[in-house]
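Read through the structure below, which is laid out as structure tokens, and then see the notes.
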Amino acid sequence: MCGIVGYIGSRGAYDILIQGLKRLEYRGYDSAGVALVDTDGCLNVHKARGKVANLEQTAAAGNTNGTLGIAHTRWATHGEPNDINAHPHVSQSGDIAIVHNGTIENYAVLKKALAEHGYTFKSETDTEVLVQLIDYIHSENKCSVYDAVREALLQVEGAYAIAVVEKSNPDQLIVARKSSPLVIGVGDDETFIASDATPIVGYTDRVIYLKDDEIALIRRGEPIQLSSIHSNTPSKVDIQKLKLSLAQLEKGGYDTFMLKEIFEQPDTLRDCLRGRITDDGSQVVLSGVIDHQDIFAKAERITLVACGTSWHAALIGKRLIQDFCSLPVSVEYASEFRYSNPYLNDKDVVIAISQSGETADTLAAIQMAHDKGAFVYGICNVVGASIPRNTDSGTYIHVGPEIGVASTKAFTGQVTVLTLLAMAIGQIRGTVSRARVKEVATALRSMPEILEKTLKLAPEMQKLSRVFTYAHNFLYLGRGYNYPTALEGALKLKEISYIHAEGYPAAEMKHGPIALIDHEMPSVIIAPSDSLYDKIISNVQQVKSRGGAVVAIVSQGNKSMDTIADFSVKIPRVPECLTPIVASVPLQLLAYYIAVGKGKNVDQPRNLAKSVTVE
Ligand code: M6R
2 MCGIVGYIGS RGAYDILIQG LKRLEYRGYD SAGVALVDTD GCLNVHKARG
52 KVANLEQTAA AGNTNGTLGI AHTRWATHGE PNDINAHPHV SQSGDIAIVH
102 NGTIENYAVL KKALAEHGYT FKSETDTEVL VQLIDYIHSE NKCSVYDAVR
152 EALLQVEGAY AIAVVEKSNP DQLIVARKSS PLVIGVGDDE TFIASDATPI
202 VGYTDRVIYL KDDEIALIRR GEPIQLSSIH SNTPSKVDIQ KLKLSLAQLE
252 KGGYDTFMLK EIFEQPDTLR DCLRGRITDD GSQVVLSGVI DHQDIFAKAE
302 RITLVACGTS WHAALIGKRL IQDFCSLPVS VEYASEFRYS NPYLNDKDVV
352 IAISQSGETA DTLAAIQMAH DKGAFVYGIC NVVGASIPRN TDSGTYIHVG
402 PEIGVASTKA FTGQVTVLTL LAMAIGQIRG TVSRARVKEV ATALRSMPEI
452 LEKTLKLAPE MQKLSRVFTY AHNFLYLGRG YNYPTALEGA LKLKEISYIH
502 AEGYPAAEMK HGPIALIDHE MPSVIIAPSD SLYDKIISNV QQVKSRGGAV
552 VAIVSQGNKS MDTIADFSVK IPRVPECLTP IVASVPLQLL AYYIAVGKGK
602 NVDQPRNLAK SVTVE
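In the working numbering, the protein residues as written are 2 to 616.
So, in structure tokens, the structure goes:
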């Protein structure tokens with residue numbers, strides 16, 4: 002949440018920062034701001050509530066000169082979204098400006114102490130407290146701003162990625178991080194910094210992923226200096242090659258990123274599967290598992306931790322691991338797991354799933370699992386993010402940047418990797434036959450073509466979306482492998498259309514939610530031809546007999562549902578364990594078209610952010 006960007010070089014910083022903010026807007030769009038340091042000793046700050054476009058309008062009237070600058074797009078945590086709480090925040094002396102992604106947990110104590118030293122605060126933010134603390138240390142200790150930043154960070158509890166500039170020092174940019182991400186782009190005579198690599202693409206492909214507890218001093222025309230915040234000892238500068246193209250960050254002719262990402266799924270699954278199944282289809286090859294065979298062979302239990310959509314993928318992962326590995330498996334919300342004092346030891350494997358690789362709760366769950374001796378395996382999308390760097394091993398889903406806030410292609414990528422992972426662990430433990438691997442892996446390999454066919458449902462789903470303009474509530478029902486699909490379908494609808502939707506195991510409905518059903522409450526029922534199809538039919542009839550409309554997602558060739566449901570949407574037939582991947586596509590499309598029909602901004606739904614780096 003929140004995106005920060007910075008530039009120091011020979012070009013005008015403003016345009017680079019604005020373009021960077023637009024790329025980072027998915028991280029939060031409550032307000033945006035920029036601070037520019039001019040060579041004539043001016044610090045020009047522009048801020049505006051709302052999106053970057055508002056900032057551009059505000060800044061147009063002011064001075065936007067300077068080849069050094071920092072900028073921020075905000076997802077509000079402390080204080081309402083308004084111009085005053087927008088970053089950058091400037092110190093009382095007017096000399097130092099800061100942008101910050103994260104939360105300073107002990108800000109109230111620090112604020113009180115600073116107030117006693119005569120500091121006053123304009124905003125309600127924790128970030129303003131940090132810049133005043135830097136200012137105070139700078140003037141009290143008569144030290145450099147760099148030393149003051151480092152000293153201030155030693156007093157701070159919480160998470161941060163910060164960028165700091167000083168009015169009287171147009172040749173210097175200081176950045177530091179703990180728990181929140183920060184990437185440095187190294188150009189020939191210029192340096193970029195950002196919360197992720199997207200603002201850097203197109204300028205340079207040489208990047209440094211700042212590590213936790215690192216601070217960087219970036220001086221114009223000089224090599225970048227990295228040090229530990231705690232020990233102040235220099236650390237090694239590890240420049241890596243960025244594998245991200247501009248085309249991946251654009252809409253490619255689609256109206257929205259979300260629609261582009263839904264339609265990309267055949268290709269993203271191709272990328273996700275590449276090289277992971279042997280040519281004859283009889284074996285799964287995941288290096289992250291092969292390299293730690295002993296751990297998986299001896300594991301006594303697996304726990305999956307994640308949040309949101311990734312948690313839904315984890316629920317499917319649980320079924321897959323149970324079916325292929327005969328191991329006890331549990332699924333936990335990372336935010337609950339981290340405070341639940343679970344019993345874990347060195348025979349436990351914890352699998353952390355996250356698209357962004359930056360989710361604060363998931364990172365904290367990983368830390369706790371490590372502390373208790375568990376082996377932690379990460380399933381992530383963003384290469385080089387904090388989760389892959391803080392896990393013992395893992396697998397990238399390789400679906401490319403997901404920019405729409407509602408997760409789509411990451412979900413199908415996660416379920417695909419979980420299917421591979423379950424088979425890979427089953428191979429090591431001898432709990433899955435070669436024939437079974439071959440059956441599922443072969444079907445998995447044809448998934449890109451299957452999704453191409455499934456996406457042809459788009460016009461049908463668009464038409465269907467217009468039927469339900471009356472609905473303020475939806476139920477999503479599924480069983481077995483598709484109970485999590487129902488949860489995911491409901492989440493997609495609620496987060497982008499703001500229609501209340503509940504996902505439920507279809508058979509649980511009779512224990513309460515059935516009371517909600519009437520002619521104004523449609524149900525979407527995921528009922529492919531699987532081992533539970535006959536059971537779910539009676540659940541559909543229970544809804545119909547209470548006057549509720551039913552949209553059933555069924556397998557091609559199914560005829561029996563035609564006479565029961567109001568609408569039956571036919572998806573290609575695949576093995577039962579792969580039905581969530583296929584069934585989720587029409588649900589993504591339905592949610593998308595309902596939201597677009599209501600005029601909602603599907604890429605940036607209200608109150609949400611793509612990367613949840615706060616607790
Ligand atoms: O990056 P992560 O997968 O860790 O993010 C977890 C959730 O915040 C995320 O899945 C969220 O629920 C999405 N908005 C769902 O579409």
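Virtual Cβ for every residue (Gly too), placed ideally from N, Cα, C.
Practice prompt. Identify every run of the alpha helix (DSSP H) within the region 249-329, keeping only runs that are complete inside it and at least 4 residues long; order them along the chain.
Written response: 258-264, 266-274, 288-291, 294-299, 309-326
Check whether the Cβ of K493 lies closer than 8 Å to any heavy atom of the ligand M6R, and answer yes or no. yes
Give me the DSSP bridge partner(s) of T104.
A160
- With 16 as the cutoff for other CB atoms within 10 Å, does E262 come out buried or exposed? Flag for E262 reads buried.
Exercise for the section: Please list, in chain order, all residues with a C-beta atom less than 5 Å from at least one heavy atom of the ligand M6R. Expected result: C308, G309, T310, S311, S355, Q356, S357, T360, A407, S408, V613
_Exposure of T310, with buried meaning 16 or more beta-carbon neighbours within 10 Å_ = buried
Going by DSSP, what residue range makes up the beta strand (DSSP E) through N540? Element bounds for N540: not the beta strand (DSSP E) but the alpha helix (DSSP H), 534-545.
Using only the alpha-carbon positions, how far apart do I175 and Y378 sit? 33 Å
Helix, strand or coil, according to DSSP, for K237 in the structure here? coil
| task | Within its chain, find whatever has a CB closer than 8 Å to the CB of L25; leave out the 5 residues flanking it on each side and keep chain order. | result | G4, I5, V6, T74, A195, S196, D197, T199, P200
Tell me the DSSP secondary structure of G490 in three-state form. helix
- [ ] Just tell me which of S434, I572, I518, K348 has its CA closest to the CA of A459.
- [x] I572
With contact counted as at least three CB pairs below 8 Å, one residue from each stretch, are the region 463-478 and the region 303-317 in contact?
no
Could you tell me whether the Cβ atoms of A1 and A528 are closer together than 9 Å? There is simply no residue 1 to check, as the chain begins at 2 and stops at 616 in what is shown.
Report buried or exposed for G481, applying the criterion of at least 16 other Cβ atoms within 10 angstroms of its Cβ. buried
Quick one: what's V69 bridged to in DSSP? One detail in the question is off: residue 69 reads as Leu in this sequence, not Val. As computed with DSSP, L69 is found in a beta bridge with I9, V38.
| said: Taking the alpha helix (DSSP H) that A335 belongs to, which residues open and close that run? | reply: 335-338
Are the Cβ atoms of V286 and I426 separated by less than 9 Å?
no
Quiz item: In angstroms, rounded to a whole number, what distance separates the CA positions of A62 and I219?
Solution: Going from the Cα of A62 to the Cα of I219 covers about 30 Å.
Query raised in the report: Out of F325, K410, A386, which has the shortest C-alpha to C-alpha gap to A353?
Result: A386
Q) Going straight from the alpha carbon of A516 to that of Y593, what length do you get? A) 28 Å
Tell me, to the nearest whole angstrom, how far the beta carbon of L115 is from that of Y137; I am working on the premise that it is less than 8 Å. 6 Å
Identity of the residue in D84, L44, G13, T65 nearest A33 by Cα
Of the candidates D84, L44, G13, T65, the residue whose Cα lies closest to the Cα of A33 is D84.
Extent of the continuous alpha helix (DSSP H) run through E141
127-142
Next on the checklist: Among the candidates A375, G401, A162, whose CA atom is the shortest distance from the CA of K252?
Outcome noted: G401
For K493, which residues in the same chain have their Cβ closer than 7 Å to its Cβ, ignoring the five residues on either side in sequence?
Excluding residues within five positions, the ones whose Cβ falls inside 7 Å are A407, L588, Q589, A592.
Say whether the region 208-215 touches the region 361-371, bearing in mind that this needs 3 or more beta-carbon pairs closer than 8 Å, one atom from each stretch.
Counting Cβ pairs under 8 Å, fewer than three are found: no touch.
**Study point:** Alpha-carbon to alpha-carbon, A610 and R50
**Key:** 16 Å
To which residues does DSSP link C381 through a beta bridge? S355, Y397
From P449, T443, A442, pick the residue whose C-alpha is nearest to that of T413; which is it? P449
From I404, K373, G358, residue whose alpha carbon lies closest to that of N382
Ranking I404, K373, G358 by Cα distance to N382 puts G358 first.
#### Entry: Of the residues K511, G80, L22, T68, the one placed nearest A54, counting alpha carbons only
L22
Answer yes or no: do I303 and C326 have a C-beta to C-beta separation smaller than 9 Å?
-> In contact: I303 and C326 (Cβ atoms closer than 9 Å).
Discussion item. Let's see if you can read the secondary structure: which residues bound the alpha helix (DSSP H) around K464?
Written reply: 459-466
Next on the checklist: With distance defined between alpha-carbon atoms, name the residue in V613, V583, R607, P606 nearest to P267.
Outcome noted: V583
Helix, strand or coil: how does DSSP classify K495 here? helix
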